[in-house]
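Counting the sequence shown from 1 gives a position; our numbering is that position plus 19. By construction, the Cβ of each residue, glycine as well, lies at the ideal position given by its N, Cα and C atoms. Quick caveat, the model's predicted, so the values are computed rather than measured. Everything below concerns the one structure shown next.
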Amino acid sequence: MMATLLFLALFLLGLLLALRPLLGPKEPFPEPPRREELLRELEVLKEEVEALEGEERKRALARMVEVERLLEGYRPPAPRPFRPWPVALVLGAVVLLGVGLWRYTLPRLPGETTVTQRQEARELKALADKARRTGEVEDLLAWGRRAYELQAFDQAAEAYLEVLKKDPKNVEAMRRVGILLFMGGRPEEARIFLEIAQGADPEAAEGWLFLGNLYFQEGRMQEAIAAWEKYLEAGGEAKERVEALIAMAKAQAQGGKDGRSVYEARCAACHGLQGEGGVGPRLKGNPILKVPEAVREIVLQGRGTMPAVPLSEEELEALLGYLGSL
Numbered sequence: 020m021m022a023t024l025l026f027l028a029l030f031l032l033g034l035l036l037a038l039r040p041l042l043g044p045k046e047p048f049p050e051p052p053r054r055e056e057l058l059r060e061l062e063v064l065k066e067e068v069e070a071l072e073g074e075e076r077k078r079a080l081a082r083m084v085e086v087e088r089l090l091e092g093y094r095p096p097a098p099r100p101f102r103p104w105p106v107a108l109v110l111g112a113v114v115l116l117g118v119g120l121w122r123y124t125l126p127r128l129p130g131e132t133t134v135t136q137r138q139e140a141r142e143l144k145a146l147a148d149k150a151r152r153t154g155e156v157e158d159l160l161a162w163g164r165r166a167y168e169l170q171a172f173d174q175a176a177e178a179y180l181e182v183l184k185k186d187p188k189n190v191e192a193m194r195r196v197g198i199l200l201f202m203g204g205r206p207e208e209a210r211i212f213l214e215i216a217q218g219a220d221p222e223a224a225e226g227w228l229f230l231g232n233l234y235f236q237e238g239r240m241q242e243a244i245a246a247w248e249k250y251l252e253a254g255g256e257a258k259e260r261v262e263a264l265i266a267m268a269k270a271q272a273q274g275g276k277d278g279r280s281v282y283e284a285r286c287a288a289c290h291g292l293q294g295e296g297g298v299g300p301r302l303k304g305n306p307i308l309k310v311p312e313a314v315r316e317i318v319l320q321g322r323g324t325m326p327a328v329p330l331s332e333e334e335l336e337a338l339l340g341y342l343g344s345l
């Protein structure tokens with residue numbers, strides 16, 4: 020995004036510099052204001068001065084001299100020769116800069132971003148083309164898995180939903196759709212998919228992790244603890260993090276409405292125990308925390324992949340105070 024904005028700014032600057040010679044110079048001796056009026060005034064003074072005498076004649080002559088001086092200030096602008104070389108050089112630099120930015124930073128293939136590598140984007144596109152062409156479940160799963168790995172979540176959702184249309188009992192697709200719904204801020208729908216998937220395949224660790232996160236976000240501490248414990252039993256890799264979440268949830272289950280407690284109960288599962296970030300963005304040092312009203316709106320209404328978090332006014336005020344101290 021920054022590269023795109025930089026390119027546009029430099030392109031506009033280069034275009035301005037390129038067109039500047041075409042705009043022409045300002046007149047070195049601009050025409051005085053009211054030139055036509057001054058000419059008419061001069062004609063009237065010439066006609067009247069013959070009939071005037073004394074001081075009135077002197078004032079009229081002085082005014083004639085003043086008007087003539089004003090009119091003498093006008094000079095037609097001299098044409099400036101057009102020089103094509105500055106224009107060509109500036110436009111050439113802009114074109115080279117654009118080609119460089121486009122080649123090395125800007126997306127060029129579907130699924131390619133500044134994060135995914137070009138080879139990965141090509142691979143993802145090939146998988147997507149094959150899956151759409153054949154419609155086979157295995158091809159759709161291969162596309163969905165790779166898109167999920169590369170965090171191309173729109174494509175992952177499309178692939179897994181197509182799998183469910185063809186095979187409604189496919190547990191992997193059911194679980195991944197539930198995870199994507201949770202990350203998309205749709206916890207009610209996500210819970211249905213995740214609970215069905217985990218009931219069918221309790222050995223899938225990632226499903227228990229996200230189901231625990233969902234319960235935790237809703238304040239259902241005992242259910243969150245149970246889900247995370249099943250994640251550990253299934254051999255989940257984020258052992259230390261989940262153990263910390265379990266300890267935190269057990270503490271929260273005992274009550275407490277101070278800001279830290281509210282944060283740990285409702286926010287830490289996604290944003291990290293210390294605000295370091297996780298599924299959600301980093302909060303520690305985030306400049307948006309300096310605008311409490313914006314944070315209040317995000318918490319209560321949700322934004323992007325973050326769902327709304329139902330809090331009482333007391334809990335919300337305590338949370339805002341704690342977030343301001345991060």
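- Beta-bridge analysis with DSSP links residue 210 to no other residue.
- If you look at residue 202, you'll find it in the alpha helix (DSSP H) that goes 190-202.
- Per the DSSP secondary-structure output, residue 325 pairs in a beta bridge with 322.
- Under the DSSP assignment, residue 148 falls in the alpha helix (DSSP H) whose first and last residues are 137-153.
- Scanning its chain for C-beta atoms nearer than 8 Å, with the 5 sequence neighbours on each side dropped, one finds around residue 86 the residues 57, 60, 61, 64, in chain order.
- Across the structure, residue 325 and residue 197 are spaced so that their CA atoms are roughly 15 Å apart.
- Here the C-alpha atom of residue 337 lies approximately 54 Å from the C-alpha atom of residue 153.
- Closest in alpha carbon position to residue 322, among 335, 183, 299, is 299.
- Counting other Cβ atoms within 10 Å of its Cβ, residue 307 stays below 16 and is therefore classed as exposed.
- Under the Cβ criterion (8 Å, minimum of three pairs), the segment 145-161 counts as touching the segment 172-189.
- By the beta-carbon neighbour count (other beta carbons within 10 angstroms, threshold 16), residue 231 is buried.
- Taking a 10 Å sphere around the C-beta of residue 80, we find fewer than 16 other C-beta atoms and assign the residue as exposed.
- Across the structure, residue 291 and residue 282 are spaced so that their CA atoms are roughly 10 Å apart.
- Proximity to residue 167 across 140, 294, 151 peaks at 140, based on C-alpha coordinates.
- According to the DSSP assignment, residue 232 belongs to the alpha helix (DSSP H) that extends over 224-236.
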